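Written out below as structure tokens is the structure these notes cover.
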Amino acid sequence: MILRASYGTLSLLGLVKNSKIKMDTAYFMLDGRCVFNCAFCAHARDARTDNKFLSRIVWKEISVDMIEKLDVKRICLQVVSYKGYNEDLEYLLLKLNGKKVSVSVRALSMKEIDRYFELGADAIGLSVDVVNKELFEKIRGGKFENTLELIKNAAKKYPGHITTHVIVGLGETDKELIEFFYMMKELNVIVALFSFTPIKGTAFEKLPSPSMERYRKIQMARYLIFEEEVPKEVFIFNKERLEKINYPYRQGFGKAFLTSGCSHCTRPYYNEKPSKEPYNYFEYANNLEEIARKVLE
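With the numbering used here as the guide, the letters of the sequence shown map in order to residues 10 to 306.
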């Protein structure tokens, strides 16, 4: 078993000196060569990258025993789909019994999902990543309908404990993203939002990231749909591009730009460099309310 920890988590473990980032969630990755071939992923079967990367973050290998020592509000396990991953994941869940654990895994059946909940998982993330059906099958592989059906069945059986990941910037339209958010809201499935990040050695290494302006609008749309339950009519489109959000600003809307996902999620600098404006803020900043005002102007 290869277990890796994110940089922020290494700080929590005392393995690096970085006390500036406050993290209530620790992030780990069960690693190996993935059997899938997602065009955007550093772990894709044909990717020419070092396995230590996930998105743009380096995850260093640690001892499995170290994971039990952490006193955090949540542990998040990112699982690469290598041969035998499910046995390693089951072993880890048994070791973490009694802790609040989220699992991000490309589960293939309800039987597999049932097993992880039986072993104590609090939430299971079933990623979609690509919300356009045709692009999903080209970029990620597999059938879009099958993934949606699995999410629907899992959400019905485990209401409030299923999440999904969506990546902005893979060729989808704004309208497709917003329609997907409404679908997940109806299913009571949490959407964790990411910006596409080009990684050297992947099939999409030359694809640009989405503009900050576009991403901020999509972040606000996700927030308003899930937190304010706004009707579809507030979103004004021009050829499926989100042109305006017809909804008044209110104090607190700056939360739209924080990392989204399970409770206590942070993921510092997952999509961006510390020297640049982050796509997803891991903690509340004073300028977020001003950003919210501008997005809703």
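For glycine and all other residues, C-beta sits at the position ideal for the given N, C-alpha and C.
Keep in mind the model is a prediction, meaning the values are calculated, not measured.
Using 8 Å for Cβ pairs, my map puts residue i next to residue j. What's the rounded Cβ distance?
{"i": "A132", "j": "H170", "result": "5 Å"}
{"i": "S113", "j": "G134", "result": "4 Å"}
{"i": "F244", "j": "I300", "result": "Between I300 and F244 the Cβ distance is about 18 Å, and since that is not below 8 Å, they are no contact."}
{"i": "L144", "j": "E181", "result": "6 Å"}
{"i": "L196", "j": "A164", "result": "4 Å"}
Take the Cβ of residue i as the centre, count every other Cβ of all protein chains shown within 10 Å, and call the residue buried at 16 or more, exposed below.
{"i": "G270", "result": "buried"}
{"i": "N280", "result": "buried"}
{"i": "K147", "result": "exposed"}
{"i": "R54", "result": "exposed"}
{"i": "M10", "result": "exposed"}
{"i": "E306", "result": "exposed"}
{"i": "Y293", "result": "exposed"}
{"i": "G261", "result": "exposed"}
{"i": "V25", "result": "exposed"}
{"i": "D33", "result": "exposed"}
{"i": "R115", "result": "buried"}
{"i": "K226", "result": "buried"}
Rounded to the nearest angstrom, what separates residue i and residue j at their Cα positions?
{"i": "R83", "j": "A35", "result": "7 Å"}
{"i": "L21", "j": "N247", "result": "46 Å"}
{"i": "S90", "j": "G129", "result": "20 Å"}
{"i": "S118", "j": "N95", "result": "12 Å"}
{"i": "E298", "j": "K120", "result": "44 Å"}
{"i": "R259", "j": "F189", "result": "25 Å"}
{"i": "N106", "j": "D97", "result": "14 Å"}
{"i": "V200", "j": "P287", "result": "19 Å"}
{"i": "N255", "j": "S204", "result": "24 Å"}
{"i": "V239", "j": "M192", "result": "13 Å"}
{"i": "R124", "j": "K104", "result": "15 Å"}
{"i": "K152", "j": "Y100", "result": "29 Å"}
{"i": "L159", "j": "S218", "result": "29 Å"}
{"i": "Y290", "j": "T275", "result": "8 Å"}
{"i": "S15", "j": "D138", "result": "21 Å"}
{"i": "D80", "j": "L86", "result": "15 Å"}
{"i": "I30", "j": "G23", "result": "13 Å"}
{"i": "S220", "j": "Y167", "result": "35 Å"}
{"i": "P257", "j": "V198", "result": "26 Å"}
{"i": "F45", "j": "R149", "result": "8 Å"}
{"i": "R302", "j": "G41", "result": "44 Å"}
Going by DSSP, which residues form a beta bridge with residue i?
{"i": "V177", "result": "S204"}
{"i": "S111", "result": "C85, A132"}
{"i": "T34", "result": "R83"}
{"i": "T172", "result": "G134, I199"}
{"i": "Y94", "result": "Looking at the DSSP assignment, Y94 forms no beta bridge with any residue, so it has no partner."}
{"i": "D40", "result": "I11"}
{"i": "R250", "result": "N247"}
{"i": "L267", "result": "Y290"}
Any heavy atom of the ligand MG closer than 7 Å to the Cβ of residue i?
{"i": "T156", "result": "Among the ligands in the structure shown, none appear at all, so the ligand MG cannot be discussed."}
Decide if the stretch 203-212 is in contact with the stretch 42-58; the criterion is three or more beta carbon pairs, one per stretch, under 8 Å apart. Cβ pair count under 8 Å is three or more, so yes.
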